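So the structure is just underneath, and the comments pick up after that.
Written out as structure tokens, the structure is:
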């Protein structure tokens, strides 16, 4: 066989193989599926001639991934097709898009189109992809209706969502605290509401509502012509919290003035409404002001005085000794800065915060007297306030006189949160049990362990002593802030080297507590209280 003959035989054999393969495909095709290109993201079903099926799958693969140029080149009007396909893609901005073909008829194929814009935002509809034969090859016949049946050359598709800024939570006066944004309920009051924003958002979004969205047909000017699909808004109704934005801003500014971790809680005694909850940066993002447990120091003398008055062991005018230091059992108690007042009435010992006087008074009380008195001020109460975690405090019966000495001056095992301390002052101010609330027209607080306040006569005497703390005692720095009632506190913790600082009190219908972690004395807390009171009405 000559080389030339050999080449003809090989060429003929190759042609024969191509013909056989082509016939096999043609024979199998009418009842089989033609797979889409891998980049299409799924297998497509397109029945018809091999050329038509290949054209459909190639066009839809490009259409799905937003390759307008490639898709346009497969049409009989590449420029118009690529421009409008690109415009639709830009305007809708989908996360994903699929186009699934059905069986090819003579010159068209039905397609099911699905656009995904986000969670629970899927738009589906049916369309038709037309084809035309140009010589021996097939092309997609370009018409905007293949993208959507109502799309025309002079119109476009656009995605709209309900505008952000719809109110979610407002304060007691209607000032906006949270509004619905792209990610849910978001604070609009800046840093002043960041601490409670997660709690407010949890309650505001409890119904699981969502912002509405729509795909619309628009003209060249961008004016909406028709709504083609989407979902209506199901956002929860606006709700009102008990917070007062003015008080909240004042509280936040006051704690921000401290270098140490500082917290402030304000409550309205007449209603139990929580008016403000603030912490500075060093105190962290966890709202410990509502549930953190700390030794309350001399603020607890409010409780000790109430227990003494109810036991009848002393009255506000009973003269008692206030030495700089006293030893009771195995415990030696000093006054802060070793203050020595001598023989003074109990109300003076209270105003000057004599540990030695109140330690001795506590030692002589029954084992459960302080625990019972603490319960009368809400420190053993338990509330479930929707959206937040609260813990007011804990005071158990003391089994020994030494333990009662320490508990009586707010050391030992007694614990209170800033919320609990504010509740204590709110009880004195109102003369009744106070239930803390965070919502005015939302979910209500559940009282799982309530309390009853001390008798009115006892509270009258406590008020007189708390007023003297400001006029002539350890909180004289607040004397210029009106009729302020209060009690300072310094509480050692850990190994006793460092101390927390406290102030709790009320003015008018605002009761509050200030806590400064490692403040070393009550002075930083009094300074924060001074700033707060100077800023609120």
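Residue numbers (the numbering used here): 12 to 548. By construction, the Cβ of each residue, glycine as well, lies at the ideal position given by its N, Cα and C atoms. All of these numbers come straight from a predicted model, not from anything done at the bench.
Buried or exposed: which applies to residue i, given that a residue is buried once 16 or more other Cβ atoms fall within 10 Å of its Cβ?
i           : result
residue 341 : exposed
residue 490 : exposed
residue 485 : buried
residue 417 : buried
residue 544 : buried
residue 479 : buried
residue 498 : buried
residue 548 : exposed
residue 164 : exposed
residue 422 : buried
residue 438 : buried
residue 371 : buried
residue 234 : exposed
residue 387 : buried
residue 284 : buried
residue 366 : buried
residue 90  : exposed
residue 354 : exposed
residue 349 : exposed
residue 308 : buried
Leaving out the 5 sequence neighbours to the left and right, which residues in its chain are closer than 6 Å to residue i when beta-carbon positions are compared?
i           : result
residue 331 : 357, 360, 368
residue 134 : 126, 226, 240
residue 300 : 274, 276, 288, 290, 429
residue 110 : 71, 74, 75, 122, 124
residue 139 : 119, 121
residue 100 : 77
So what does residue i bridge to, in DSSP terms?
i           : result
residue 376 : Its beta-bridge partners do not exist; DSSP assigns none.
residue 242 : 224
residue 394 : 458
residue 150 : 143
residue 284 : 448
residue 509 : 504
residue 465 : DSSP, once it has assigned bridges, lists no residue as partnering residue 465.
residue 2   : Nothing about residue 2 can be read from this structure; the chain reaches only from 12 to 548.
residue 250 : 180
residue 523 : 277, 516
residue 135 : 125
residue 237 : 228
residue 427 : 305, 404
Using three-state DSSP, classify residue i as helix, strand or coil.
i           : result
residue 302 : helix
residue 278 : strand
residue 388 : coil
residue 312 : helix
residue 341 : coil
residue 206 : coil
residue 358 : helix
residue 479 : helix
residue 367 : helix
residue 402 : coil
residue 321 : helix
residue 214 : helix
residue 518 : strand
residue 408 : coil
residue 334 : coil
residue 353 : strand
residue 422 : coil
residue 170 : strand
residue 499 : strand
residue 382 : helix
residue 433 : helix
residue 289 : strand
residue 62  : helix
residue 529 : coil
residue 490 : helix
residue 232 : coil
residue 264 : helix
residue 73  : helix
residue 164 : coil
residue 474 : helix
residue 484 : coil
residue 547 : coil
Could you name the residues of the same chain whose beta carbon sits closer than 7 Å to that of residue i, not counting the 5 residues immediately before and after it, in chain order?
i           : result
residue 529 : 271, 509, 511
residue 60  : none
residue 143 : 87, 118, 150, 152
residue 204 : 188, 198, 259
Give every residue of the same chain whose Cβ lies closer than 8 Å to the Cβ of residue i, excluding the five residues on either side of it in the sequence, and list them in chain order.
i           : result
residue 539 : 265, 266, 268, 269, 273, 275, 514, 525, 527
residue 145 : 87
For the ligand HEM, is there any heavy atom lying closer than 7 Å to the beta carbon of residue i?
i           : result
residue 137 : With respect to small molecules bound, the structure shown includes none, and the ligand HEM cannot be examined in it.
Residue ranges of each alpha helix (DSSP H) run of no fewer than 4 residues wholly in the region 80-132, ordered along the chain?
For the region 80-132, whole alpha helix (DSSP H) runs of length 4 or above, ordered along the chain, are 89-103.
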